[in-house]
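**Q** A single structure is presented below for examination.
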DNA sequence: GACCATATTGGCACTCGGTCTCATTTGGCA
DNA sequence: TGCCAAATGAGACCGAGTGCCAATATGGTC
């Protein structure tokens with residue numbers, strides 16, 4: 001299942017725990033600072049000063065300023081990709097992908113909800129983050145395709161895999177947006193329910209007709 | 001039908017014609033320089049020096065260094081969005097979207113093929129451009145959704161519209177990639193045929209099953 | 001053709017994200 | 001304790017992108 005490793009995990013070597021700690025510290029400080037002053041108005045120097053690390057360390061931990069703002073999203077998809085590699089696949093692939101999302105969201109850190117909500121709000125109101133999110137989800141799409149291609153023994157450029165990966169990400173995006181804006185954010189089972197409804201509504205898109 | 005306005009068009013005021021000329025000059029020089037030296041290795045200064053305009057003018061014409069490299073893609077979708085606003089919509093919406101692409105690609109400049117092929121090759125081999133393309137297509141997706149929502153009198157957050165817009169862009173992407181790499185690049189009718197095949201193959205994605 | 005209001009351009013200083021290099025520190029382990 | 005490898009910090013450096021102001025070109029008007 002491979003959930004995100006936590007800094008408290010005493011089984012990890014000290015070095016790794018430290019790295020995870022600064023990573024989390026950076027992500028937390030980022031959500032706070034970006035939320036207070038805005039993403040653009042916050043310089044990297046401010047952020048690394050707040051956490052007391054150097055700019056060098058920042059870029060060894062995150063590939064870009066934008067990345068630290070969407071850690072919660074990254075945690076989600078990292079877990080999904082790990083789950084996708086292990087889970088036995090039977091029947092409709094789209095249903096399996098839905099299952100992976102349900103399984104993974106149930107196992108995330110308790111404080112993930114809040115961080116994810118903050119992330120989405122930040123992304124919504126920041127063009128640079130919206131753009132970076134598109135970039136990141138594109139990479140996730142490629143990864144999902146690669147995993148599926150391997151598991152199903154299909155070529156990586158099979159159109160069907162691309163369609164499935166894309167629809168999965170979209171289904172997540174609209175379900176989560178809905179959930180975050182709803183009153184039962186924090187209730188994971190309501191998220192699962194929303195996912196089920198969204199996945200069920202997908203096929204109707206293909207058959208949509210114009211009135212005239 | 002509103003194809004891309006051309007600098008030779010004498011009906012346009014001189015001012016507009018000049019702007020279009022520099023725009024095209026920048027896009028052409030960009031494809032050449034980026035192709036020769038690579039995107040990252042070519043500085044903006046080199047580019048604007050080659051066209052003999054200032055950096056200021058560049059950023060008044062394009063929103064980013066990446067944008068000038070994907071002009072051919074932008075021309076395509078601009079024409080599509082214009083067509084989508086005028087075209088009468090009847091029957092399956094997905095089929096209409098396919099129709100728009102077919103109609104638009106048939107009407108593009110004769111030299112568009114070559115520029116588009118160069119663009120795709122450049123994008124394929126340049127991470128920064130891949131990322132920018134994801135960003136741009138995301139914007140196009142929103143535009144398509146907005147147009148469809150208006151025409152079909154549906155809310156802009158209707159999941160079905162998002163699915164349709166996304167599948168259309170994906171169908172274009174794989175059809176065009178295939179076409180560009182094929183021997184009959186330059187034959188627009190073969191592109192139309194590929195589009196038809198790709199659109200027809202979409203529904204099979206939803207029903208893909210795992211062997212086990 | 002001269003003139004004026006306005007749109008456009010060029011030049012330039014400046015900010016800041018991101019890369020690179022090298023000296024310094026820290027954790028892992030015998 | 002002492003050694004090696006890995007991580008960190010410091011700072012120079014590059015180039016994309018922004019803002020400001022002066023210079024220039026355009027399209028009507030008299």
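Chains as they are written, first to last, in the working numbering: chain A, 1 to 212; chain B, 1 to 212.
Glycine included, C-beta positions come from ideal geometry on N, C-alpha and C.
Leaving out five residues on either side along the sequence, give the residues of the same chain with a beta carbon under 8 Å from the beta carbon of residue 40 of chain A.
**A** These residues qualify, in order along the chain: 126, 128.
**Q** Does DSSP put residue 99 of chain A in a helix, in a strand, or in coil?
**A** It is helical.
**Q** Tell me which residues share the same chain as residue 1 of chain A and place their Cβ nearer than 7 Å to its Cβ, disregarding the 5 neighbours each side in the sequence.
**A** Interpretation of residue 1 of chain A is limited by its pLDDT of 43, a score under 50 that renders its predicted location unreliable; the figure taken from the coordinates is listed afterwards. Only 83, 107 meet the Cβ criterion.
**Q** Is residue 1 of chain B close to chain A? Criterion is C-beta to C-beta, closer than 8 Å.
**A** Note that residue 1 of chain B scores a pLDDT of 43, beneath 50, so its modelled location is shaky and nothing firm can be said.
**Q** Given 7 Å as the limit, tell me if residue 127 of chain B has its C-beta closer than that to any heavy atom belonging to the ligand ATP.
**A** The ligand ATP is absent from the structure shown, which contains no ligands of any kind.
**Q** Note down the Cα distance separating residue 85 of chain B from residue 144 of chain B, rounded to an integer number of angstroms.
**A** Their backbone Cα atoms lie some 9 Å apart in a straight line.
**Q** Using DSSP bridges, identify the partner residues of residue 210 of chain B.
**A** Looking at the DSSP assignment, residue 210 of chain B forms a beta bridge with A:91.
**Q** Assuming residue 286 of chain B contacts residue 70 of chain B under a Cβ cut-off of 8 Å, what Cβ separation, rounded to an integer in Å, is found between them?
**A** Here chain B has residues from 1 to 212 only, and residue 286 of chain B is not among them.
**Q** Within its chain, find whatever has a CB closer than 6 Å to the CB of residue 81 of chain B; leave out the 5 residues flanking it on each side and keep chain order.
**A** Taken in chain order, the residues that qualify are 143.
**Q** Excluding five sequence neighbours on each side, which residues of the same chain lie with their C-beta closer than 7 Å to the C-beta of residue 172 of chain B?
**A** Around residue 172 of chain B: 101.
**Q** Let me see if you follow: with CB-CB separation under 8 Å, is residue 209 of chain A close to chain B or not?
**A** Interface residue, yes.
**Q** With distances taken between CB atoms, is the gap from residue 188 of chain B to residue 175 of chain B smaller than 8 Å?
**A** No, the Cβ-Cβ distance between residue 188 of chain B and residue 175 of chain B is not below 8 Å.
**Q** With residue 168 of chain A as the anchor, note down where its alpha helix (DSSP H) starts and where it stops.
**A** Element bounds for residue 168 of chain A: 159-181.
**Q** Give the DSSP-derived three-state secondary structure of residue 193 of chain A in the structure shown.
**A** Residue 193 of chain A falls in the helix class under three-state DSSP.
**Q** Output yes or no for whether 8 Å exceeds the beta carbon distance between residue 26 of chain A and residue 58 of chain A.
**A** Taking 8 Å as the Cβ cut-off, residue 26 of chain A and residue 58 of chain A qualify as a contacting pair.
**Q** Shorter than 8 Å from the beta carbon of residue 131 of chain A to some beta carbon of chain B?
**A** True, the Cβ-Cβ gap to chain B drops below 8 Å.
**Q** Using three-state DSSP, classify residue 38 of chain A as helix, strand or coil.
**A** If DSSP states are grouped into helix, strand and coil, residue 38 of chain A belongs with coil.
**Q** Can you find the residues in the same chain that come closer than 7 Å, C-beta to C-beta, to residue 155 of chain B, ignoring five residues on each side of it along the sequence?
**A** So the qualifying residues of the chain are 149.
**Q** Could you name the residues of the same chain whose beta carbon sits closer than 6 Å to that of residue 192 of chain B, not counting the 5 residues immediately before and after it, in chain order?
**A** If we look at residue 192 of chain B and ignore the five residues flanking it on each side, its Cβ neighbours are 102.
**Q** For the alpha helix (DSSP H) that contains residue 63 of chain A, what are its first and last residues?
**A** Element bounds for residue 63 of chain A: n/a, residue is neither H nor E.
**Q** Starting from residue 93 of chain A, find everything on chain B with Cβ-Cβ shorter than 8 Å and list it in chain order.
**A** Within chain B, the residues near residue 93 of chain A are 208, 209, 210.
**Q** Do residue 135 of chain A and residue 131 of chain B come within 8 Å of each other at the CB atom, strictly closer than that value?
**A** Yes, the Cβ-Cβ distance between residue 131 of chain B and residue 135 of chain A is below 8 Å.
**Q** By DSSP, does residue 119 of chain B sit in helix, in strand, or in coil?
**A** Residue 119 of chain B: helix per DSSP, three-state reduction.
**Q** Using CA coordinates, which residue listed in A:77, A:178, A:55, A:114 is at the minimum distance from residue 32 of chain A?
**A** Nearest C-alpha to residue 32 of chain A: A:114.
**Q** State the CB to CB distance for the pair residue 98 of chain A and residue 166 of chain B, rounded to an integer number of angstroms; the pair is presumed to be in contact (CB under 8 Å).
**A** Contact flag wrong, Cβ pair sits at about 17 Å.
**Q** Just the chain B side, please: which residues come within less than 9 Å of residue 26 of chain A by C-beta, in chain order?
**A** In chain order: nothing, as chain B lies at least about 22 Å away.
**Q** Mind listing which residues of the stretch 94-110 of chain B have their C-beta closer than 8 Å to chain A's C-betas, in chain order?
**A** Result list: 94, 96.
**Q** At which residues does the alpha helix (DSSP H) containing residue 147 of chain B begin and terminate?
**A** Element bounds for residue 147 of chain B: 127-152.
**Q** Can you find the residues in the same chain that come closer than 8 Å, C-beta to C-beta, to residue 146 of chain A, ignoring five residues on each side of it along the sequence?
**A** Once the five neighbours on either side are set aside, the close Cβ partners of residue 146 of chain A are 156.
**Q** Among A:200, A:121, A:55, A:93, which has the Cα closest to the Cα of residue 38 of chain A?
**A** Nearest of A:200, A:121, A:55, A:93 to residue 38 of chain A, Cα basis: A:121.
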